[in-house]
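S.K.:
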Amino acid sequence: MVGFGWLIILMIFFWIVRLINVEKPHFKLFYPAMLFKLGFGLLFALTYTLVLKGGDTTAYWEGAVKLNHLFWDSPEAYFREMIQIPSSETIRNYFNQRTGYPPSWIYREPESFFVSKIVSLFTFVTFNSYLAMSLLSAAIVGFTSWKLYELVKDFTFCKHWILAGATLFIPTVAFWSSGVSKDTFVLAAFQTIVYIVFSLLLKKKQFNLKYFLLLFISIFFLYKMRDFMLIAIAVPLATVMMSRIIKNMKSNPLVLWTFRILFTTAAIGLTLIYLQTLGNQLAENAYLEELAVVQQDFAQNKLYTGPKYDLGITDYSPIGILGAVPISIFTAFYRPFLWEASSAFLLLSALEGIFMMALTYGFFFRSGRIKKHFQFIKSKEFLIFALLFSLILGFFAGFTSGLFNVLIRFKAPFMSLIVIFLASRQPKIIKQSVGGDTQR
């Protein structure tokens, strides 16, 4: 009953927000978008409780409930546990028979138990209701998705219905990233960072205390849950900033070419150093252990023994990893294929993959001269970021997942960006397309 009570409260709250902003034309999508998120959050919760009978999401919830019990048993112990790095040796430091113990396979993974720590904050207003926590999680990521939509809604290089659909209405993203899960908070943190950074860069908004706090919290969350996301964000952002610097240097060719040479030399040098370091890690099996940690939350749960894929990679040297980049990215962008879909959720993802293939075809063959189109893309900082981020995260997701259910979760953050990138056109081509005379 608590869960359905929160559902009603959130629906009323979202409707009030809609009424307050009724004069803003784009807010006609706000209520449908929030209901979409709440609906998939509810579906996610019911699927795991009634159909699958548990999983990592219910383990996160159990950990949060045990933290709630710990707070009422000893507030001091609760806050000490919140800042403690959990391990198999620390589980009995503060938890006891009165509080109960969180699931051990979640607790001994700091990245996973951090989700329980976040969700434990919800327990005080949800009375430990799993359904209510799921709906609150969906509401949070619903708001961050809405802010991402508000960032992109005025872009002229993409049709509005695609901008709205990509940011608000992708079914697999809504399902896997709307409940009590690591993916929900990873997506919310990522969208917050993108919204703030590009609001500052493109919309010239002033940096303030609110932005600082949101950025700090989002970066901290990513660092604690999936730190490789920070690399996937930092590299494209650095490229965007370098592009902006180069544009400002065009009036001085000597300085421009000097900067380009130094930047290229530094990039090559850092790449060689990274590959050498990676090779040393591989020799010690450290890198493979890191990949195992990334997959650990899934591999130790029977739910994630579902459909697998094999990239056929046997060479884990730096050269071997570089050789696996194309197939890893292709896998992340377009798989599972229809014949690989063994469940309704995988079938939905396979249909999205077909849509991605159609967008890719349109990008290369229906966007005018491809060379000129890439020159246009180079002038759009958001598209540069979208492409590079999608390629980096796509490689990591495709290379490390091994399971289609894991792949779909990992690639959720880049789905909206790659759809917008592939659907981008020069504004005049969009107008001609709307008028029925598409320039090829």
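Numbering-wise (our numbering), the sequence shown opens with residue 521 and increments by one. Where is the CB? At the ideal position from N, CA and C, for every residue including glycine.
1. In the DSSP assignment, find the alpha helix (DSSP H) that holds His546 and state where it starts and stops.
2. Go ahead and label Leu729 buried or exposed: buried means 16 or more other beta carbons lie within 10 angstroms of its beta carbon, across all protein chains shown.
3. Quick one: give me the first and last residue of the alpha helix (DSSP H) that Glu609 is part of.
4. Whole angstroms is fine: what's the gap from Phe727's alpha carbon to Leu735's?
5. Assuming Leu979 and Ala709 make a contact with CB atoms under 8 Å, what is their CB distance in whole Å?
6. Can the beta-carbon of Gly523 be found closer than 8 Å to that of Leu671?
7. Near Glu496, which residues of its chain fall below 8 Å by C-beta distance, leaving aside the five closest residues on each side in sequence?
8. Determine the closest residue to Gln604 out of Pro623, Lys637 and Gly832, with distance taken between C-alpha atoms.
9. Taking 8 Å as the cut-off, decide whether the C-beta atoms of Ser921 and Leu927 are in contact.
10. Work out the CA separation of Phe534 and Leu558 for me, nearest whole Å.
11. Thinking C-beta only, is Leu641 closer than 8 Å to Thr619?
12. Applying the 10 Å Cβ sphere with the 16-neighbour rule, what's the burial state of Val542?
13. Any idea if Phe615 is buried or exposed, counting beta-carbon neighbours within 10 angstroms, 16 or more meaning buried?
14. Suppose the cutoff is 7 Å on Cβ atoms and the five residues either side in sequence are ignored; what does the same chain contact list for Phe896 look like?
15. Could you check if Phe599 is buried or exposed, using at least 16 other CB atoms within 10 Å of its CB as the buried criterion?
16. Measure the beta-carbon distance from Phe695 to Phe564 and round it to whole angstroms, keeping in mind my assumption that it falls under 8 Å.
17. Go through its chain and collect everything with a Cβ distance to Met653's Cβ below 8 Å, but skip five positions before and after it.
18. Once DSSP output is grouped into helix, strand and coil, what is the label at Lys767?
19. Buried or exposed: Lys822, going by 16 or more other Cβ atoms within 10 Å of its Cβ?
20. Could you check which residue in Asp576, Phe689 and Lys898 has the C-alpha nearest to that of Leu668?
21. Given His893, which residues of its chain have a CB within under 6 Å of its CB, disregarding the five upstream and five downstream residues?
22. Give the secondary structure of Lys724 by DSSP, where H, G and I count as helix, E and B as strand, and everything else as coil.
23. Which residue's Cα is closest to the Cα of Gln711: Phe677, Asn613 and Met749?
24. Taking just the CA atoms, how far does Phe875 sit from Leu555?
25. Report the residue from Lys744, Leu570 and Phe677 whose alpha carbon sits nearest the alpha carbon of Glu629.
26. Measuring straight from C-alpha to C-alpha, what distance separates Lys548 and Val635?
27. Thinking C-alpha only, which one of Ala658, His546 and Ile766 is nearest Met531?
28. At 4 residues or longer, what runs of the alpha helix (DSSP H) sit wholly inside the stretch 623 to 675?
29. Shorter than 8 Å from the beta carbon of Leu927 to some beta carbon of chain D?
30. So Glu860 and Ala844 are supposed to be a Cβ contact under 8 Å. How far apart are they, rounded?
31. What's the C-alpha gap between Arg538 and Val939?
32. In three-state terms, what does DSSP make of Asn562?
33. Taking 8 Å as the threshold (C-beta atoms), are Phe916 and Pro827 in contact?
34. Helix or strand or just coil, what does DSSP make of Leu572?
35. Using alpha carbons as the reference points, say which of Glu601, Thr577 and Asp576 lies closest to Asn588.
M.R.: Put simply:
1. Counting from 1 along the sequence shown, the entry for residue 546 is found at position 26. From DSSP, His546 is part of no alpha helix (DSSP H); its letter is neither H nor E.
2. The residue given as residue 729 occupies position 209 in the sequence shown. Exposed, by the Cβ-count rule.
3. The residue labelled residue 609 in the question sits at position 89 within the sequence shown. Counting along the chain, Glu609 falls outside any alpha helix (DSSP H), and DSSP gives it neither H nor E.
4. As a working mapping, residue 727 is identified with position 207 in the sequence shown. As a working mapping, residue 735 is identified with position 215 in the sequence shown. Rounded to whole angstroms, Phe727 to Leu735 spans 11 Å at the Cα level.
5. The structure shown has nothing for residue 979, since the chain only spans 521 to 960.
6. Translated into positions along the sequence shown, residue 523 becomes position 3. Translated into positions along the sequence shown, residue 671 becomes position 151. Annotated as distal: Gly523 and Leu671, with beta-carbon spacing of 8 Å or more.
7. Absent from the model: residue 496. The displayed extent of the chain is 521 to 960, so no value can be given.
8. In the sequence shown, counting from the first residue as 1, residue 604 sits at position 84. For Gln604, the nearest C-alpha among the options comes from Lys637.
9. Along the sequence shown, read from residue 1 onward, the residue named residue 921 stands at position 401. Along the sequence shown, read from residue 1 onward, the residue named residue 927 stands at position 407. Yes, the Cβ-Cβ distance between Ser921 and Leu927 is below 8 Å.
10. Position 38 of the sequence shown, counted from the first residue, corresponds to residue 558. Position 14 of the sequence shown, counted from the first residue, corresponds to residue 534. Approximately 11 Å, taken between the alpha carbons.
11. Here residue 619 corresponds to residue number 99 of the sequence shown, with the count starting at 1. Here residue 641 corresponds to residue number 121 of the sequence shown, with the count starting at 1. No. Outside cutoff.
12. Start at 1 with the first residue of the sequence shown, and residue 542 comes out as number 22. It counts as exposed.
13. Translated into positions along the sequence shown, residue 615 becomes position 95. Buried, because 16 or more other Cβ atoms sit within 10 Å of the Cβ of Phe615.
14. Sequence index remark: in the sequence shown, residue 896 carries index 376 (1-based). Once the five neighbours on either side are set aside, the close Cβ partners of Phe896 are Gln946.
15. Taking the sequence shown and counting its residues from 1, the one referred to as residue 599 is at position 79. Classification of Phe599: exposed, given that the 10 Å Cβ count is below 16.
16. Within the sequence shown, residue 695 is the residue found at index 175, counting from 1. Within the sequence shown, residue 564 is the residue found at index 44, counting from 1. Confirmed, Cβ separation roughly 6 Å.
17. Your numbering for residue 653 matches position 133 in the sequence shown. Counting only Cβ-Cβ distances below 8 Å, and skipping sequence neighbours, we find Trp581, Ala584, Val639, Phe642, Thr643, Thr646 and Val700.
18. The residue you call residue 767 lines up with position 247 of the sequence shown. Three-state DSSP puts Lys767 in a helix.
19. On the sequence shown, residue 822 is found 302 positions in, with the first residue counted as 1. Unreliable positioning characterises Lys822 in this predicted model, as indicated by a pLDDT of 49, which lies under 50. A coordinate reading is not provided.
20. Within the sequence shown, the letter at position 148 stands for residue 668. When each option's Cα is compared against that of Leu668, the closest is Phe689.
21. Position 373 of the sequence shown, counted from the first residue, corresponds to residue 893. Around His893: Ser887.
22. The sequence position of residue 724 within the sequence shown is 204, counting from 1. If DSSP states are grouped into helix, strand and coil, Lys724 belongs with coil.
23. On the sequence shown, residue 711 is found 191 positions in, with the first residue counted as 1. Answer by Cα proximity: Met749.
24. As a first step, residue 555 is located in the sequence shown; it is residue number 35 there, counting from the start. As a first step, residue 875 is located in the sequence shown; it is residue number 355 there, counting from the start. The C-alpha of Phe875 is placed about 24 Å away from the C-alpha of Leu555.
25. Taking the first residue of the sequence shown as 1, we reach residue 629 at position 109. For Glu629, the nearest C-alpha among the options comes from Lys744.
26. In the sequence shown, counting from the first residue as 1, residue 548 sits at position 28. In the sequence shown, counting from the first residue as 1, residue 635 sits at position 115. Rounded to whole angstroms, Lys548 to Val635 spans 33 Å at the Cα level.
27. Along the sequence shown, read from residue 1 onward, the residue named residue 531 stands at position 11. Comparing Cα positions, the closest option is Ala658.
28. 624 to 627, 630 to 640, 643 to 646 and 650 to 672
29. Structure shown: chain D not included; a single protein chain is present.
30. Counted from its first residue, the sequence shown places residue 860 at position 340. Counted from its first residue, the sequence shown places residue 844 at position 324. Not really, about 19 Å apart at Cβ, beyond 8 Å.
31. As a first step, residue 538 is located in the sequence shown; it is residue number 18 there, counting from the start. As a first step, residue 939 is located in the sequence shown; it is residue number 419 there, counting from the start. Between Arg538 and Val939, the C-alpha separation is close to 27 Å.
32. In the sequence shown, the residue the question calls residue 562 occupies position 42. Note on residue identity: the sequence assigns Leu, not Asn, to residue 562. In this structure, Leu562 counts as helix in the three-state DSSP scheme.
33. Looking up residue 827 in the sequence shown gives position 307. Looking up residue 916 in the sequence shown gives position 396. No, Cβ-Cβ distance for Pro827 and Phe916 is not below 8 Å.
34. Counting from 1 along the sequence shown, the entry for residue 572 is found at position 52. Three-state result, Leu572: coil.
35. Locating residue 588 in the sequence shown gives position 68, counting from the first residue. Nearest option by C-alpha distance: Glu601.
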